[in-house]
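Q:
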Amino acid sequence: MKTAIFKQEWIESWRNKRMIWVPIALMLLAAMQPLTLYFLPDILASGGNLPDGAVIEIPTPSPEEVLMSASEQLRQIGLLVVLLSAMHTFSHERSLGTLAWLKSLNIPATRIVLSKWGHYSLLAVIAVALAQLSAAYYTIVLFESFDVTDFLVATGLLMLHFVVQLSIFFLFAALLESGLVALVITLALHFIMSLLLGWLEWDWMPWRLGSLSAEVLMGESILVWPIVSSVLLIAVTLFVASKRLLFISRSS
Amino acid sequence: MNVKQLTKQFGSFTALDDVSFSLRPGCTSLLGENGAGKTTLLNMIARVTTPTSGQIVGHDAIRIGYLPQRPALYPSLTPVETIRYAAELTGVTGIDPVKLLKRVGLEPVDRPAAHLSGGMRQRLGIAQALVHDPELLLLDEPVSALDPRGRREVLDLLSDLKRERMILYSTHVLPDAEEASDWVLLLRQGRLLMEGTVTDLLGSKSSIQVRLFNDVVTEDEWRTLPGVNHVTRSGTTWELETDTKDVTERALLQMLLERGLRLQSLHVGHPSLESLFLEVNA
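Protein chains in written order, with my numbering: chain A, 6 to 257; chain B, 35 to 316.
1) Using beta-carbon positions only, say whether Phe-252 (chain A) and Ala-141 (chain A) come within less than 8 Å of one another.
2) For His-301 (chain B), which residues does DSSP report across the bridge?
3) By the 10 Å Cβ neighbour count, where 16 or more other Cβ atoms means buried, how is Lys-196 (chain B) classified, buried or exposed?
4) Whose Cβ in chain A lies nearer than 9 Å to the Cβ of Tyr-108 (chain B)?
5) Going by DSSP, what residues sit across from Phe-44 (chain B) in a beta bridge?
6) Quick one: which residues of the stretch 148–176 of chain B get their C-beta closer than 7 Å to a C-beta of chain A? List them in chain order.
7) Once DSSP output is grouped into helix, strand and coil, what is the label at Glu-17 (chain A)?
8) DSSP on Thr-8 (chain A), reduced to helix/strand/coil?
9) Please report the straight-line C-alpha distance between Ser-63 (chain B) and Gln-223 (chain B), rounded to a whole angstrom.
10) DSSP three-state label for Met-200 (chain B), please.
11) Could you tell me the distance, in whole angstroms, from the CA atom of Ala-106 (chain B) to the CA atom of Thr-103 (chain A)?
12) Count the other CB atoms, across all protein chains shown, that sit within 10 Å of the CB of Leu-200 (chain A); report buried if there are 16 or more and exposed otherwise.
13) Please list the segments of the beta strand (DSSP E) lying wholly inside the stretch 63–131 of chain A, counting only runs of 3 or more residues, in order along the chain.
14) Could you tell me which of B:Ala-148, B:Asp-194 and B:Arg-185 sits nearest to Cys-61 (chain B), measuring between CA atoms?
15) Suppose the cutoff is 6 Å on Cβ atoms and the five residues either side in sequence are ignored; what does the same chain contact list for Leu-170 (chain B) look like?
16) Given a cut-off of 8 Å, decide if Pro-102 (chain B) and Leu-135 (chain B) are closer than it, judged by their beta-carbon atoms.
17) Tell me the DSSP secondary structure of Asn-263 (chain B) in three-state form.
18) With C-beta atoms as the reference, is Ile-190 (chain A) less than 8 Å away from Asp-208 (chain A)?
19) Taking a contact to mean a Cβ-Cβ separation below 8 Å, would you say Thr-115 (chain A) touches Ile-173 (chain A) in this structure?
20) Applying the 10 Å Cβ sphere with the 16-neighbour rule, what's the burial state of Leu-297 (chain B)?
21) At a CB-CB cut-off below 7 Å, which residues of chain A make contact with Leu-123 (chain B)?
22) What's the call for Ala-59 (chain A), buried or exposed, on a 16-neighbour Cβ count within 10 Å?
23) Here's the rule: buried if 16 or more other CB atoms are within 10 angstroms of the residue's CB, otherwise exposed. What is Trp-19 (chain A)?
24) Exposed or buried, Glu-67 (chain B), counting other C-beta atoms within 10 Å across all chains shown (16 or more means buried)?
25) Starting from the beta carbon of Asn-68 (chain B), find every residue of chain A whose beta carbon is closer than 8 Å, and list them in chain order.
26) Measuring CA to CA, which of B:Thr-271, B:Pro-142, B:Glu-292 and B:Asp-280 is closest to Ala-161 (chain B)?
27) Quick check: Pro-391 (chain B) and Lys-42 (chain B), are their CB atoms within less than 8 Å of each other?
28) I want to verify the contact list: residues of chain B whose CB lies under 7 Å from the CB of Ile-117 (chain A), in sequence order.
29) Could you name each continuous alpha helix (DSSP H) segment of 4 residues or more that falls completely within the stretch 136–190 of chain A, going from the start of the chain to the end?
30) Determine the direct distance from the alpha carbon of Glu-273 (chain B) to that of Phe-247 (chain B), and round the result to whole angstroms.
31) Should Val-250 (chain B) be labelled buried (16 or more other beta-carbon atoms within 10 Å of its own) or exposed?
32) Closer than 8 Å is the cut-off here; do at least three beta carbon pairs connect the stretch 125–133 of chain A with the stretch 85–98 of chain A?
33) Among residues of its own chain, excluding the 5 on either side of His-166 (chain A), which ones have a beta-carbon nearer than 7 Å to its beta-carbon?
34) Can you tell me where the beta strand (DSSP E) holding Gln-162 (chain B) begins and where it ends?
35) Per DSSP, what kind of secondary structure is Gly-215 (chain A) in: helix, strand or coil?
36) Closest to Gly-152 (chain B) by CA distance: which of B:Arg-185, B:Gly-128 and B:Leu-291 is it?
Pasting the structure below:
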């Protein structure tokens, strides 16, 4: 059956508790921002060792600014958490010999790659959705309400950003023996592209999605081209990953 | 299925060098020392890797069941779940996992594969390879992780399975090859040295392993026994290779009796793989 590997991924995910800890980690990360910003004056007062009579005045951030800072946490540490959870997806199966076994059964590489990618992408999308919900909840409770449409668009962009980064990681994880090396390359590429995009005005690049998901909360942004280029990049990475999937260690 | 001039290179290292043979019905054993190229050859027939040159004719059109050297099992799945998953992957319906597991001598324990013993994992791997009723069964060292009883059961199972399908299995133990196989391929350093039945390979050669309480007999003295054409020593055990087993054995016992030497152990069997290789090379 064509969905057997996809189902197996969810079973593994449930049994090794990845399905639980990834969303919880992202929810905590997202919720931490509104909580920290709200209690910041108290935190500074209690731990700052300030002289008597000192007054700290911190302007209350707008709900959009709170959500932007939560989004930034997710884009950086949250992405690292998701990629770490997927790090051994191919390398582990290569060492177990299960990838080679699937190949011996004539299971197409496309099915293997899409099943695994589908699992991790769906898990990331669910985790981002729950994380955004937790950020939104604390923002409304501790600050004020905000424009729901902008927030939903920002969440959608953030989800797509995670899926793009996962797809890039899947490409390197399929080609290389080590999941760790694939992870480092993906993060290095992410870092370099973010730096370059700070310089250059290539707003159509898929790596713009992350910052766009924050900017969209503050006003208008052109979203079409980064979305189109992201979808194209996902398609290309998955195609190449399927074509060049390394089933067995190169020395075997 | 025909293997034609198969070569596999890893950089400058040639793992398999111009190997050609036809796979016959029944059970064929792939015999060779560690590093001879057995796993590389099985991986290519199993479609897991591609040859550097040469081709395998006919393996794309058949169902292949493959048991790698280390069974490819998902650590979190129980034996029954493993069989169900393999059935789902291969589109097999109506399979009874418990029946299949019992066929390979495995009780359907409710424990994940990660917590099974080496022997149980090996049996589960064989069951997994049989799920889709393969026409060709490839087994890489299927009895290496088993205790003597498990080894006996798996060799019996191979004898049973070979009636319904072609089997190609690798081993570095000569008696195992003799036990279950109809045909033997002998690999050494990536080359196919020879092929034939075990009897073809061994001819009339036997091996007498002898160990004395007082190790006073020299190599030259062992060579004087009738029929002995090769003498090797491993620790305190001497291995005498002979074409005339009974004559040599009688003469050996006579010599010990005359010299008043006490026998610690005496084992008559086949020559070791090592001495067979030396013989074939010579």
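We treat Cβ as the ideally placed atom computed from N, Cα and C, and that holds for glycine.
A: Quick answer:
1) In the first sequence, counting from the first residue as 1, residue 252 (chain A) sits at position 247. In the first sequence, counting from the first residue as 1, residue 141 (chain A) sits at position 136. For Phe-252 (chain A) and Ala-141 (chain A), no; Cβs fall outside 8 Å.
2) Against the second sequence, residue 301 (chain B) aligns to sequence position 267. In the DSSP assignment, His-301 (chain B) is bridged to B:Gln-243.
3) Counting from one through the second sequence, the residue named residue 196 (chain B) turns up at place 162. Lys-196 (chain B) should be labelled buried.
4) The sequence position of residue 108 (chain B) within the second sequence is 74, counting from 1. Correct list: Gln-13, Ile-16, Glu-17, Glu-98, Leu-101 and Thr-103.
5) Taking the first residue of the second sequence as 1, we reach residue 44 (chain B) at position 10. Bridge partners of Phe-44 (chain B): B:Phe-47.
6) Of all residues in the stretch 148–176 of chain B, none is placed with a Cβ closer than 7 Å to any Cβ belonging to chain A.
7) To locate residue 17 (chain A), count along the first sequence from 1; it is residue 12. Of the three classes helix, strand and coil, the one that applies to Glu-17 (chain A) here is helix, per DSSP.
8) The sequence position of residue 8 (chain A) within the first sequence is 3, counting from 1. Correct three-state label for Thr-8 (chain A): coil.
9) Stepping through the second sequence from its first residue, residue 63 (chain B) is reached at position 29. Stepping through the second sequence from its first residue, residue 223 (chain B) is reached at position 189. Between Ser-63 (chain B) and Gln-223 (chain B), the C-alpha separation is close to 17 Å.
10) Taking the second sequence and counting its residues from 1, the one referred to as residue 200 (chain B) is at position 166. In this structure, DSSP gives Met-200 (chain B) an extended state, which the three-state scheme calls strand.
11) The residue labelled residue 106 (chain B) in the question sits at position 72 within the second sequence. The residue labelled residue 103 (chain A) in the question sits at position 98 within the first sequence. Answer to the nearest angstrom: the Cα atoms are 5 Å apart.
12) As a working note, residue 200 (chain A) is residue 195 in the first sequence. With fewer than 16 other Cβ atoms within 10 Å, it is exposed.
13) Not a single unbroken stretch of the beta strand (DSSP E) spanning 3 or more residues falls wholly within the stretch 63–131 of chain A.
14) Taking the second sequence and counting its residues from 1, the one referred to as residue 61 (chain B) is at position 27. Comparing Cα-Cα distances from Cys-61 (chain B) to each of B:Ala-148, B:Asp-194 and B:Arg-185, the minimum goes to B:Asp-194.
15) Counted from its first residue, the second sequence places residue 170 (chain B) at position 136. Non-local C-beta neighbours of Leu-170 (chain B) in its own chain, meaning closer than 6 Å and more than five positions away in sequence, comprise Ile-96, Ile-98 and Met-200, ordered along the chain.
16) Within the second sequence, residue 135 (chain B) is the residue found at index 101, counting from 1. Within the second sequence, residue 102 (chain B) is the residue found at index 68, counting from 1. No, they are not a contact pair.
17) By one-based count along the second sequence, residue 263 (chain B) stands at place 229. Of the three classes helix, strand and coil, the one that applies to Asn-263 (chain B) here is strand, per DSSP.
18) Working through the first sequence from its first residue, we reach residue 190 (chain A) at position 185. Working through the first sequence from its first residue, we reach residue 208 (chain A) at position 203. The answer is no: Cβ separation not under 8 Å.
19) As a first step, residue 115 (chain A) must be located in the first sequence, where it is residue number 110. As a first step, residue 173 (chain A) must be located in the first sequence, where it is residue number 168. By the CB criterion at 8 Å, Thr-115 (chain A) and Ile-173 (chain A) fall outside the cutoff.
20) For this step, residue 297 (chain B) is matched to residue 263 along the second sequence. That one is exposed.
21) Here the question's residue 123 (chain B) lines up with position 89 in the second sequence. The contacting residues are Ala-9, Leu-110 and Ile-112.
22) In the first sequence, counting from the first residue as 1, residue 59 (chain A) sits at position 54. Exposed, since its Cβ has fewer than 16 Cβ neighbours within 10 Å.
23) By one-based count along the first sequence, residue 19 (chain A) stands at place 14. So Trp-19 (chain A) ends up on the exposed side.
24) Your numbering for residue 67 (chain B) matches position 33 in the second sequence. Counting Cβ neighbours within 10 Å, Glu-67 (chain B) comes out exposed, since fewer than 16 surround it.
25) Taking the second sequence and counting its residues from 1, the one referred to as residue 68 (chain B) is at position 34. Near Asn-68 (chain B) there are no residues of chain A at all, since even the closest Cβ is about 14 Å away, more than 8 Å.
26) Residue numbering aside, residue 161 (chain B) sits at position 127 when the second sequence is read from its first letter. Among B:Thr-271, B:Pro-142, B:Glu-292 and B:Asp-280, the Cα nearest to that of Ala-161 (chain B) belongs to B:Pro-142.
27) Residue coverage of chain B in this structure runs from 35 to 316, which leaves residue 391 (chain B) outside it and unanswerable.
28) As a working mapping, residue 117 (chain A) is identified with position 112 in the first sequence. Within chain B, no residue comes near Ile-117 (chain A); the closest Cβ sits about 10 Å away, beyond 7 Å.
29) If we require 4 residues or more, the alpha helix (DSSP H) runs fully inside the stretch 136–190 of chain A come out as 153–180.
30) Along the second sequence, one-based indexing puts residue 247 (chain B) at 213. Along the second sequence, one-based indexing puts residue 273 (chain B) at 239. Take the alpha-carbon of Phe-247 (chain B) and the one of Glu-273 (chain B): they are about 16 Å apart.
31) Within the second sequence, the letter at position 216 stands for residue 250 (chain B). Exposed, by the Cβ-count rule.
32) Contact check between the stretch 125–133 of chain A and the stretch 85–98 of chain A: three or more CB pairs, one atom from each, fall below 8 Å, which counts as touching.
33) For the purposes of this step, residue 166 (chain A) is identified with residue 161 of the first sequence, where counting begins at 1. Non-local beta-carbon contacts of His-166 (chain A) in its own chain, meaning distances under 7 Å to residues more than five positions away in sequence, involve Arg-80, Leu-214, Gly-215 and Ser-218 in chain order.
34) For the purposes of this step, residue 162 (chain B) is identified with residue 128 of the second sequence, where counting begins at 1. Gln-162 (chain B) -> not in any beta strand (DSSP E); alpha helix (DSSP H) instead, spanning 152–164.
35) If you number the first sequence from 1, residue 215 (chain A) lands on position 210. Reduced to three states, the DSSP call for Gly-215 (chain A) is helix.
36) Numbered from 1 along the second sequence, position 118 holds the residue referred to as residue 152 (chain B). If we check each option's Cα against that of Gly-152 (chain B), B:Arg-185 comes out closest.
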